[in-house]
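Take a look at the structure set out below.
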Amino acid sequence: LAYARDLNGLDHATCQVSHIDWRDSLSPSFKAAQRYDLVIGSDLIYYHSDAAALSATIVAHTAADGVAYLMCGRGRQGVTQLACLLRAKGEVEEEAYTLIKRSRAGNEDGVPLILMTYRPHAPSPVAS
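Letter by letter, the sequence shown follows residues 572 to 699 of the numbering used here.
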């Protein structure tokens with residue numbers, strides 16, 4: 572990802588690339604070092620067993636007024652579970668897409684995708 576950022580001439584101060592172990596987000600004591608206005612993820616989930624950790628990571632790192640865009644393979648294990656877990660913490664919209672791949676021989680093949688958009692619930696007001 573850092574290579575892609577640099578290749579596209581994006582500023583390091585505004586486009587950060589970080590390594591995150593999703594399992595760390597499952598700890599009750601976990602606090603994200605930073606929350607982001609925009610979280611972008613692609614090709615993130617393959618198994619049901621990853622959904623809870625990925626959901627916790629997305630929730631922990633998305634700012635209260637932020638948004639996360641997640642592109643996932645439609646029908647892949649864990650996608651439905653991820654959406655359900657995120658809905659418990661915010662609003663989730665899902666849009667189906669098909670990526671058309673064309674081979675050099677001119678053959679086309681469709682890859683079914685889902686764009687999941689997550690926005691956190693507004694924080695509850697603190698009673699005084």
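We put the CB at the ideal spot given by N, CA and C, even for glycine. Since we're looking at a predicted model, the values are computed, not measured.
Distance from residue 622 to residue 653 at the Cβ level is roughly 5 angstroms; contact confirmed, criterion being Cβ atoms closer than 8 angstroms.
Only residues of its own chain outside the window of five on either side were considered, and among them 691, 694 have a CB closer than 6 angstroms to the CB of residue 635, listed in chain order. Annotation: the continuous alpha helix (DSSP H) that includes residue 576 extends over 573-578.
Residue 609 and residue 599 have their C-alpha atoms roughly 24 angstroms apart. In the DSSP assignment, the residues bridged to residue 672 are 680. For residue 653, the enclosing alpha helix (DSSP H) covers residues 650-658. Note that the stretch 635-649 does not touch the stretch 671-681; fewer than 3 beta-carbon pairs, one per stretch, sit closer than 8 angstroms. In this structure, DSSP gives residue 626 a helical state, which the three-state scheme calls helix.
Judged by their CB atoms, residue 629 and residue 644 are not nearer to each other than the 9 angstroms cut-off. With 16 or more other Cβ atoms inside 10 Å of its own Cβ, residue 633 counts as buried.
Beta-bridge annotation (DSSP): residue 638 is paired with 609. Between the alpha carbons of residue 614 and residue 686 lies a gap of roughly 11 angstroms.
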